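Beneath this line is the structure, given in structure tokens, with notes to follow.
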Amino acid sequence: MKFTHSSYQTIGAPFFRKLSNDQLERIHFASLEILERTGVRLHLPEAVELLKQAGAEITEGNRVRIPSGLVTLGRCGGFLQVRRERRRTRGG
């Protein structure tokens, strides 16, 4: 992307990284552990059902514990699709 302002040019934005690869990996694995051990509460029944069908553990009605394999293999993609469709029908 090229930006031109009066008497100077800047090409693109500078790339700045605050976290190392090791730090990013630690955050990623910690988030996988949280999803698997603690889980999340979902208030969209269609999402709960999709994750259940994919192999997630459902307790207390809407607490979903998502095995790390589902996240790393990207097998939860249907959940995002349900959210998008739901937003579209609400007009948001």
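Here the sequence shown stands for residues -12 to 79, numbered as in this note's numbering. Virtual Cβ for every residue (Gly too), placed ideally from N, Cα, C. As the structure is a prediction and not an experimental result, all values here were calculated from the model.
Here the C-alpha atom of PRO54 lies approximately 15 Å from the C-alpha atom of ARG28. Within 10 angstroms of the beta-carbon of GLY(-1) lie fewer than 16 other beta-carbons, which makes it exposed.
Put simply, the backbone Cα of PRO32 is about 12 Å away from that of GLN40. Between VAL51 and LEU19 the beta-carbon gap is near 14 Å, outside 8 Å, which marks them as no contact.
DSSP places ARG52 in the strand class (E or B) of the three-state scheme. By the neighbour-count criterion, in which 16 or more other beta carbons inside 10 Å mark a residue as buried, LEU22 falls on the buried side. For GLU36, the enclosing alpha helix (DSSP H) covers residues 32 to 41.
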